[in-house]
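Asker:
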Amino acid sequence: MLNRRFLKSFPLDTFDYPASVSYLVIAGGGGGNNYGGGAGAGGYINSYASETSGGNSSTATLISASSGSSYNVTVGAGSPGTAAGAAIAGTSYQGSNSVFSTVTATGGGGGGGAASLPAGNGGSGGGEGFEGADHFGSGVSGQGFRGGRGRGDNDPTWGMGGGGGAGQVGQDAAAGGTPGGAGGYGLSSSITGTAITRAGGGGGGSWENNTGGAGGLGGGGDGGRNASRNGTVNTGGGGGGSGSSGQSQGATAAGGTGGSGIVILRFPAGAICTPSAGLTSTETLVNGGAEKVLQITAGTGTVTFS
176 MLNRRFLKSF PLDTFDYPAS VSYLVIAGGG GGNNYGGGAG AGGYINSYAS
226 ETSGGNSSTA TLISASSGSS YNVTVGAGSP GTAAGAAIAG TSYQGSNSVF
276 STVTATGGGG GGGAASLPAG NGGSGGGEGF EGADHFGSGV SGQGFRGGRG
326 RGDNDPTWGM GGGGGAGQVG QDAAAGGTPG GAGGYGLSSS ITGTAITRAG
376 GGGGGSWENN TGGAGGLGGG GDGGRNASRN GTVNTGGGGG GSGSSGQSQG
426 ATAAGGTGGS GIVILRFPAG AICTPSAGLT STETLVNGGA EKVLQITAGT
476 GTVTFS
């Protein structure tokens, strides 16, 4: 015999789908270059509340999830910076894309290097290296800003450009024996219940007696002379660029590694969202227990609502 009191206290249908799902998707940051510029932050796409996405764009559209629906998720890795030693030429080091459903944030552009290596394009663009022709990287519309200009101009006492961030262009290195350009700052989001700034660009490298540019607020790595810093994990921050203590292209330090990205989902507490194997995640209650936040910090897989 059915216990009617039990059914009244614990209804079988605890949530009426569809569920409105807010998300913050950030790609991996680019790698900083030796003899070069800071890297761009990973692309930043935000649908929570009225918060903006990167590049001074509008809030993205929510996703409406139905019971039994599954969505692809990938958390993009940050790119390693270039190795120490001779100045690097070739392809810039771009971060990896992050994905939630149909939303793809583009990896940050790598920092520029010697004259044959312009900075890379990406979610936010990389900063110019030892150049003199505005070879900074471009950001993706709706995700981030361009990198800053370097001031090498065949004078190694000058600095390199900062990488672009989600909230600001990478800063130019001022002409004439100055530090490298600072990385562009990122954007703040309260999707987790706490305001956190992410997706800052990497600072540009510098030479001789000058200092590297500061990393952009939001996880960007500092630029350096003999060393540079990595972007912060799970912020999509760009890696810092490096330089050298002397006028030698064969004695440069390694560029900083970009910070990994993140995928954050916020949805009503009555909905159940199950990550597949292969995803690293944590779930918390927010808004007085009325909503859940799922932070996915690594991996590739799916999330399923039920």
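In the working numbering, the protein residues as written are 176 to 481. Heads up, the beta-carbon is just placed ideally off N, CA and C, and yes, glycines get one too. Keep in mind the model is a prediction, meaning the values are calculated, not measured.
(1) Who are the Cβ neighbours of P186 in its own chain at under 6 Å, not counting the five residues just before and after it?
(2) Taking just the CA atoms, how far does Y268 sit from L362?
(3) Alpha carbon to alpha carbon, how far is V468 from N462? Give it in angstroms, no decimals.
(4) Rounded to whole angstroms, what is the Cα-Cα separation between D397 and G388?
(5) Cutting at 8 Å between CB atoms, please list the residues of its own chain near R179, excluding the five before and the five after it.
(6) Report the option in N296, G418 and Q470 whose CA atom is closest to the CA atom of T257.
(7) Do G270 and G297 have their beta-carbon atoms positioned less than 8 Å apart in this structure?
(8) With H, G and I counted as helix, E and B as strand and the rest as coil, what does DSSP make of G300?
(9) Ends of the beta strand (DSSP E) at S363?
(10) Measuring straight from C-alpha to C-alpha, what distance separates S456 and E383?
(11) Residues in the same chain with beta-carbon distance under 7 Å from A402, minus the five sequence neighbours each way, listed in chain order, please.
(12) For G436, is the classification buried or exposed, using 16 other Cβ atoms within 10 angstroms of its Cβ as the cut-off for buried?
(13) Roughly how many whole angstroms lie between the Cα atoms of A289 and G295?
(14) So is D191 buried or exposed if we call it buried at 16+ other beta carbons inside 10 Å?
(15) Could you check the C-alpha separation between A349 and G337 for me, to the nearest Å?
(16) Once you ignore the five residues that flank S316 on each side, which residues in its own chain have a CB closer than 8 Å to its CB?
(17) For the pair the segment 198–209 and the segment 239–258, tell me if three or more CB-CB distances fall below 8 Å.
(18) What first and last residue would you give for the beta strand (DSSP E) that runs through P450?
(19) So, is L454 buried or exposed, given that buried needs 16 or more other C-beta atoms within 10 angstroms?
Answerer: Judging by the given coordinates:
(1) On the sequence shown, residue 186 is found 11 positions in, with the first residue counted as 1. Here P186 scores only 42 on pLDDT, less than 50, and its place in the model is too uncertain to base an answer on.
(2) Taking the first residue of the sequence shown as 1, we reach residue 362 at position 187. Taking the first residue of the sequence shown as 1, we reach residue 268 at position 93. Computed Cα separation, rounded: 23 Å.
(3) On the sequence shown, residue 462 is found 287 positions in, with the first residue counted as 1. On the sequence shown, residue 468 is found 293 positions in, with the first residue counted as 1. Each residue's Cα considered, the two are about 10 Å apart.
(4) In the sequence shown, the residue the question calls residue 397 occupies position 222. In the sequence shown, the residue the question calls residue 388 occupies position 213. Approximately 6 Å, taken between the alpha carbons.
(5) Your numbering for residue 179 matches position 4 in the sequence shown. In this prediction, R179 scores a pLDDT of 40, lower than 50, which makes its location untrustworthy; the coordinate-derived value is nonetheless stated afterwards. Around R179: no qualifying Cβ.
(6) On the sequence shown, residue 257 is found 82 positions in, with the first residue counted as 1. Minimum Cα distance to T257 is reached at G418.
(7) Taking the first residue of the sequence shown as 1, we reach residue 297 at position 122. Taking the first residue of the sequence shown as 1, we reach residue 270 at position 95. Yes, these two residues count as a Cβ contact at 8 Å.
(8) Along the sequence shown, one-based indexing puts residue 300 at 125. If DSSP states are grouped into helix, strand and coil, G300 belongs with coil.
(9) To locate residue 363, count along the sequence shown from 1; it is residue 188. L362 to S364 is the extent of the beta strand (DSSP E) around S363.
(10) As a first step, residue 456 is located in the sequence shown; it is residue number 281 there, counting from the start. As a first step, residue 383 is located in the sequence shown; it is residue number 208 there, counting from the start. If I take the Cα positions, the gap works out to 44 Å.
(11) To locate residue 402, count along the sequence shown from 1; it is residue 227. Around A402: S417 and A428.
(12) In the sequence shown, the residue the question calls residue 436 occupies position 261. Looking at its Cβ environment, which holds 16 or more other Cβ atoms inside 10 Å, G436 is buried.
(13) Residue mapping note: residue 289 aligns to position 114 of the sequence shown, counting from 1. Residue mapping note: residue 295 aligns to position 120 of the sequence shown, counting from 1. Their Cα atoms are separated by approximately 13 Å.
(14) For this step, residue 191 is matched to residue 16 along the sequence shown. The residue is exposed, with fewer than 16 neighbouring Cβ atoms inside 10 Å.
(15) Here the question's residue 349 lines up with position 174 in the sequence shown. Here the question's residue 337 lines up with position 162 in the sequence shown. Distance between the alpha carbons of A349 and G337: 11 Å.
(16) Start at 1 with the first residue of the sequence shown, and residue 316 comes out as number 141. Excluding positions up to five away in sequence, the list reads G230 and S232.
(17) yes
(18) One-based indexing of the sequence shown puts residue 450 at position 275. Per DSSP, P450 belongs to the beta strand (DSSP E) from C448 to P450.
(19) One-based indexing of the sequence shown puts residue 454 at position 279. Buried is the call here.
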